[in-house]
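**Q** For reference, the structure I am asking about is given below.
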Amino acid sequence: MAAADDASRPFAGLSDVSISGDISVEGDISVPVGSSRRDDEYSTLDEPVKETILRDLRAVGNKFIHVLYPKRSSALLRDWDLWGPLLLCVTLALLLQGGAADSDDQGGPQFAEVFVIIWFGSIIITLNSKLLGGTISFFQSLCVLGYCIMPLTVAMAVCRIVLIGGSGTVSFAVRLVVVTASFGWSTFASTAFLGDSQPANRKALVVYPVFLFYFVIGWMILTFSPSQ
Amino acid sequence: MSAGSGIRNTNTDTWGSFDDNLIQGGGRGGGGGSAVIDMENMDDTSGSSFEDMGEMHQRMKEEEEVAAEAAATEDDNAEDGEFLGMKGLKGQLGRQVADEVWQAGKRQASRAFNLYANIDILRPYFDVEPVQVRSRLIESMIPVRMINFPQKIAGELYGPLMLVFTLVAILLHGMKTSGTVIREGTLMGTAIGTCFGYWLGVSSLIYFLAYLVNAQITMLQMLSLLGYGLFGHCAVLFITYNIHFHFLFYVLWLLVGGLSTLRMVAALLSRTVGQTPRLLLCGTLSLLHMLFLLYLHFAYHKIVEGLLISLEGPHLAPIQRVARDVPDLILNATGRTLGASMMVHLGSTGGPLRIH
Numbered sequence: 001m002a003a004a005d006d007a008s009r010p011f012a013g014l015s016d017v018s019i020s021g022d023i024s025v026e027g028d029i030s031v032p033v034g035s036s037r038r039d040d041e042y043s044t045l046d047e048p049v050k051e052t053i054l055r056d057l058r059a060v061g062n063k064f065i066h067v068l069y070p071k072r073s074s075a076l077l078r079d080w081d082l083w084g085p086l087l088l089c090v091t092l093a094l095l096l097q098g099g100a101a102d103s104d105d106q107g108g109p110q111f112a113e114v115f116v117i118i119w120f121g122s123i124i125i126t127l128n129s130k131l132l133g134g135t136i137s138f139f140q141s142l143c144v145l146g147y148c149i150m151p152l153t154v155a156m157a158v159c160r161i162v163l164i165g166g167s168g169t170v171s172f173a174v175r176l177v178v179v180t181a182s183f184g185w186s187t188f189a190s191t192a193f194l195g196d197s198q199p200a201n202r203k204a205l206v207v208y209p210v211f212l213f214y215f216v217i218g219w220m221i222l223t224f225s226p227s228q
Numbered sequence: 001m002s003a004g005s006g007i008r009n010t011n012t013d014t015w016g017s018f019d020d021n022l023i024q025g026g027g028r029g030g031g032g033g034s035a036v037i038d039m040e041n042m043d044d045t046s047g048s049s050f051e052d053m054g055e056m057h058q059r060m061k062e063e064e065e066v067a068a069e070a071a072a073t074e075d076d077n078a079e080d081g082e083f084l085g086m087k088g089l090k091g092q093l094g095r096q097v098a099d100e101v102w103q104a105g106k107r108q109a110s111r112a113f114n115l116y117a118n119i120d121i122l123r124p125y126f127d128v129e130p131v132q133v134r135s136r137l138i139e140s141m142i143p144v145r146m147i148n149f150p151q152k153i154a155g156e157l158y159g160p161l162m163l164v165f166t167l168v169a170i171l172l173h174g175m176k177t178s179g180t181v182i183r184e185g186t187l188m189g190t191a192i193g194t195c196f197g198y199w200l201g202v203s204s205l206i207y208f209l210a211y212l213v214n215a216q217i218t219m220l221q222m223l224s225l226l227g228y229g230l231f232g233h234c235a236v237l238f239i240t241y242n243i244h245f246h247f248l249f250y251v252l253w254l255l256v257g258g259l260s261t262l263r264m265v266a267a268l269l270s271r272t273v274g275q276t277p278r279l280l281l282c283g284t285l286s287l288l289h290m291l292f293l294l295y296l297h298f299a300y301h302k303i304v305e306g307l308l309i310s311l312e313g314p315h316l317a318p319i320q321r322v323a324r325d326v327p328d329l330i331l332n333a334t335g336r337t338l339g340a341s342m343m344v345h346l347g348s349t350g351g352p353l354r355i356h
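Chains A and B, in that order, give the protein sequences. Using the UniProt record's numbering, you'd call the opening residue of the first sequence number 1 and step up by one each time. Using the UniProt record's numbering, you'd call the opening residue of the second sequence number 1 and step up by one each time.
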């Protein structure tokens, strides 16, 4: 009898599950989810342009905050965008271009150079991390590297302000400190985001080109001197 | 059989499998085989994001379509045995449509897919541990006196590539510490061109020579050997760009540059047979390697500095006005020094070369 009870109990449980009329309800649930999602997709068509732009800007600003407090959050990785990197890159290039915007032979190569260094440098680092067996996608890595230029862009702005005051030993010391700090910040932040996607034993190999990349940019910022 | 060949082809061209199926008429296993291969690729490329998944999905869909088309064709062929006239026509039509779909799919997915395919091809060369890289960097400065048995040369590209990039950064640093903020773009391009040109060019040259004299070395090993040989250059240049002291440079040039050159020469010697081939290979390599260090030091350091001094250094304004002439000046000046140092060096290295 006991054996028969034991044998029948699992069947009873199963029958409870299978008998209950939830199946049709499940079907009903799945339909509204699909339709509501479609509604959401359509609803962005009706909203004002201002709202759309503001939402995107808020997303970009949110990621800036993530870079400032690199706490291994995956928000930067999950929904990547290249607007922030483009913005930062253009800002940095414009700042580095110097006050010599009117003398065209100075401005042209400088702007293009910064632009090319940042994008090709990021691409090379990304390819390197892929080659070393990283599990991060191409654009995610570009996004992270681009956003992590932000401390250096801030340092560039600070350097411009300091350089207005004059270019002596004190100003150089201030710039050195600022650039070094922001360089360390950039490297640390990008490592915090990119580190998890790499095999643990190869982190150093991935970090080295990142270090070199930000070092070159930092060096460009430090040696920048406005022409007249 | 078709599935097997397809799997072997995964790294080079996934679509090859389908091609094989079509041509060989590999029958029932065809569609299944290609689907399996696609799944394998999905794992390989380790897509972890939406754009990857989207791309995979599209590729899978394309493949499914093609497979369905092919299957339909085959079914028709099998069923409509009696309509012998229709058979050929249908088969051709199906093949044409399948070809078209295949082409379209290939074009659509080609860019990103090529990237991933190439990465898979290159991945073995980047399969290193930090410890290995460190030990290889140290080994690049230690010549091994073992020329009877072929020395082991690791075929790896991570270290060399990173060293070349480091050298580019150091060159830029040298240019900037010497005070040339002008025409940065040109200098940057020159630095990258010089480093990669030297690495790839000299590797190819030595590989060609090694091929001529039948030395046991592959292009990959040559790239790795020469790339790690640049470690000495990086160290020397980094020190001497910061410490402007010519005696120090010559000492480091002979010591560090000499050590890294000796290491490469020893590795090459152990893989070459005969006196003349050894002399040719090692002479060329050591000459080029030592001259390159000399060139980098003086071309991007002293001459640029001398240029600044000659163009009244303290004021920045004249420099910027003369900026356009800098490339010409650098070219002329470097050409002259290179020629001069070449002659000097030929004279000085002539002795050791004859000894070999």
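Built from N, CA and C at the ideal position, the CB exists for glycine as well.
If you measure beta-carbon to beta-carbon, which residues of the segment 144-171 of chain B are closer than 7 Å to chain A?
**A** Tyr-158, Met-162, Phe-165, Thr-166, Ala-169
**Q** So, for Leu-86(A): in the same chain, excluding its five sequence neighbours on each side, which residues have a beta-carbon less than 7 Å away from its beta-carbon?
**A** Indexing the first sequence from 1 puts residue 86(A) at position 86. The answer is none, since no qualifying residue turns up.
**Q** Anyone know if the C-beta pair for Leu-157(B) and Phe-196(B) falls short of 8 Å?
**A** The residue given as residue 157(B) occupies position 157 in the second sequence. The residue given as residue 196(B) occupies position 196 in the second sequence. Result no, Cβ atoms of Leu-157(B) and Phe-196(B) do not sit closer than 8 Å.
**Q** For the segment 178-187 of chain A against the segment 129-139 of chain A, are there 3 or more C-beta pairs whose distance is under 8 Å?
**A** Pairwise C-beta distances place the segment 178-187 of chain A out of contact with the segment 129-139 of chain A, as fewer than three of them are shorter than 8 Å.
**Q** Cutting at 6 Å between CB atoms, please list the residues of its own chain near Leu-137(B), excluding the five before and the five after it.
**A** Reading the second sequence from its first residue, position 137 is the one you call residue 137(B). Correct list, in chain order: Phe-231.
**Q** Should the segment 57-69 of chain A be regarded as contacting the segment 122-132 of chain A, the criterion being three or more beta carbon pairs within less than 8 Å?
**A** Contact fails: fewer than three Cβ-Cβ distances are below 8 Å.
**Q** So, is Ala-155(A) buried or exposed, given that buried needs 16 or more other C-beta atoms within 10 angstroms?
**A** Locating residue 155(A) in the first sequence gives position 155, where the first residue counts as 1. Flag for Ala-155(A) reads buried.
**Q** If you measure from the beta carbon of Thr-223(A) to each beta carbon in chain B, is any gap under 8 Å?
**A** Residue 223(A) sits at position 223 when you count from the first residue of the first sequence. Chain B, which has a Cβ nearer than 8 Å to the Cβ of Thr-223(A), makes this yes.
**Q** Output the boundary residues of the alpha helix (DSSP H) element that contains Val-265(B).
**A** Position 265 of the second sequence, counting from 1, holds the residue named residue 265(B). Unbroken alpha helix (DSSP H) run through Val-265(B): 258-270.
**Q** Are the CB atoms of Leu-96(A) and Val-114(A) within a distance shorter than 8 Å?
**A** Position 114 of the first sequence holds residue 114(A). Position 96 of the first sequence holds residue 96(A). In contact: Val-114(A) and Leu-96(A) (Cβ atoms closer than 8 Å).
**Q** Could you say if the segment 185-202 of chain A and the segment 151-168 of chain A meet the contact criterion of at least three C-beta pairs nearer than 8 Å?
**A** yes
**Q** Below 8 Å between beta carbons is the criterion; list the residues of the segment 264-297 of chain B that meet it against any residue of chain A, in chain order.
**A** none
**Q** Just to confirm, is the Cβ distance from Arg-271(B) to Pro-150(B) under 8 Å?
**A** Start at 1 with the first residue of the second sequence, and residue 271(B) comes out as number 271. Start at 1 with the first residue of the second sequence, and residue 150(B) comes out as number 150. The beta carbons of Arg-271(B) and Pro-150(B) sit closer together than 8 Å.
**Q** Is DSSP giving Ser-225(A) helix, strand or coil here?
**A** Looking up residue 225(A) in the first sequence gives position 225. Three-state DSSP puts Ser-225(A) in coil, outside helix and strand.
**Q** Report yes or no: is there a C-beta of chain B within less than 8 Å of the C-beta of Glu-113(A)?
**A** Taking the first residue of the first sequence as 1, we reach residue 113(A) at position 113. It does: the Cβ of Glu-113(A) has a partner Cβ on chain B nearer than 8 Å.
**Q** Phe-215(A) and Ala-169(B): beta carbons closer than 8 Å?
**A** Here residue 215(A) is taken as the residue at index 215 of the first sequence, counted from 1. Here residue 169(B) is taken as the residue at index 169 of the second sequence, counted from 1. In this structure, Ala-169(B) lies closer than 8 Å to Phe-215(A) by Cβ.
**Q** Check this for me: beta carbons of Ile-119(B) and Arg-263(B), under 8 Å apart or not?
**A** As a first step, residue 119(B) is located in the second sequence; it is residue number 119 there, counting from the start. As a first step, residue 263(B) is located in the second sequence; it is residue number 263 there, counting from the start. Contact flag unset, no.
**Q** Label Met-146(B) either buried or exposed according to how many other C-beta atoms from any shown protein chain fall within 10 Å of its C-beta, with 16 as the threshold for buried.
**A** Start at 1 with the first residue of the second sequence, and residue 146(B) comes out as number 146. Per the 10 Å Cβ criterion, exposed.
**Q** Using C-beta distances below 6 Å, list every residue in its chain close to residue 358(B), excluding the 5 sequence neighbours before and after it, in chain order.
**A** Limits of chain B in this structure are 1 at one end and 356 at the other, which puts residue 358(B) out of reach.
**Q** Val-49(A) and Trp-83(A): beta carbons closer than 8 Å?
**A** Against the first sequence, residue 49(A) aligns to sequence position 49. Against the first sequence, residue 83(A) aligns to sequence position 83. Val-49(A) places its beta carbon 8 Å or farther from that of Trp-83(A).
**Q** Say whether chain B places a C-beta atom closer than 8 Å to the C-beta of Phe-64(A).
**A** Here the question's residue 64(A) lines up with position 64 in the first sequence. For Phe-64(A), the answer is no, since every Cβ of chain B falls outside 8 Å of its Cβ.
**Q** Taking the C-alpha atoms as reference points, what is the distance between Phe-208(B) and Ala-267(B)?
**A** Here the question's residue 208(B) lines up with position 208 in the second sequence. Here the question's residue 267(B) lines up with position 267 in the second sequence. For Phe-208(B) and Ala-267(B), the distance between alpha carbons rounds to 17 Å.
**Q** Would you say Met-141(B) faces chain A, with C-beta separation under 8 Å as the test?
**A** The residue labelled residue 141(B) in the question sits at position 141 within the second sequence. No, its Cβ sits nowhere closer than 8 Å to a Cβ of chain A.
**Q** In its own chain, which residues sit with a C-beta less than 7 Å from the C-beta of Leu-225(B), not counting the 5 before and 5 after it?
**A** Position 225 of the second sequence holds residue 225(B). These residues qualify, in order along the chain: Ile-153, Met-264, Ala-267.
**Q** Note down the Cα distance separating Ser-197(A) from Gly-227(B), rounded to an integer number of angstroms.
**A** One-based indexing of the first sequence puts residue 197(A) at position 197. One-based indexing of the second sequence puts residue 227(B) at position 227. Approximately 28 Å between the Cα atoms of the pair.
**Q** Any residues in the segment 205-219 of chain A with a beta carbon nearer than 8 Å to a beta carbon of chain B? Which ones, in chain order?
**A** Leu-205, Tyr-208, Pro-209, Leu-212, Phe-215, Val-216, Trp-219
**Q** I'd like the span of the alpha helix (DSSP H) that includes Pro-124(B), first residue to last.
**A** Start at 1 with the first residue of the second sequence, and residue 124(B) comes out as number 124. Pro-124(B) -> no alpha helix (DSSP H), and no H or E assigned at all.
**Q** What does the alpha-carbon distance come out to for the pair Leu-93(B) and Phe-139(A)?
**A** Position 93 of the second sequence, counted from the first residue, corresponds to residue 93(B). Position 139 of the first sequence, counted from the first residue, corresponds to residue 139(A). Cα to Cα, Leu-93(B) sits roughly 40 Å from Phe-139(A).
**Q** Are the C-beta atoms of Leu-145(A) and some chain B residue less than 8 Å apart?
**A** Residue mapping note: residue 145(A) aligns to position 145 of the first sequence, counting from 1. Not closer than 8 Å to any Cβ of chain B, the Cβ of Leu-145(A) fails to qualify, so no.
**Q** Distance check for Leu-167(B) and Val-210(A), CA to CA, integer angstroms please.
**A** For this step, residue 210(A) is matched to residue 210 along the first sequence. For this step, residue 167(B) is matched to residue 167 along the second sequence. Looking at the two C-alpha atoms, the distance is approximately 15 Å.
**Q** Does DSSP classify Thr-135(A) as helix, strand or coil?
**A** Here residue 135(A) refers to the residue found at position 135 of the first sequence. DSSP places Thr-135(A) in coil when its eight states are reduced to three.
**Q** Mind pulling the alpha helix (DSSP H) runs of 4 or more residues that sit fully within the UniProt domain "Yip1" (67-220) of chain A?
**A** 75-78, 83-96, 104-131, 138-147, 150-165, 169-194
**Q** Between the segment 95-127 of chain B and chain A, which residues of the former have CB atoms less than 7 Å from a CB of the latter, in chain order?
**A** Per Cβ criterion, the list reads Ile-119, Leu-122, Arg-123, Phe-126.
**Q** Indicate the three-state DSSP secondary structure (helix, strand or coil) for Ile-206(B) in the structure shown.
**A** Within the second sequence, the letter at position 206 stands for residue 206(B). If DSSP states are grouped into helix, strand and coil, Ile-206(B) belongs with the helices.
**Q** Pull up the CB-CB distance for Ala-200(A) and Pro-130(B), whole angstroms please, since I reckon it's below 8 Å.
**A** As a working note, residue 200(A) is residue 200 in the first sequence. As a working note, residue 130(B) is residue 130 in the second sequence. Not confirmed; about 11 Å, so no contact.
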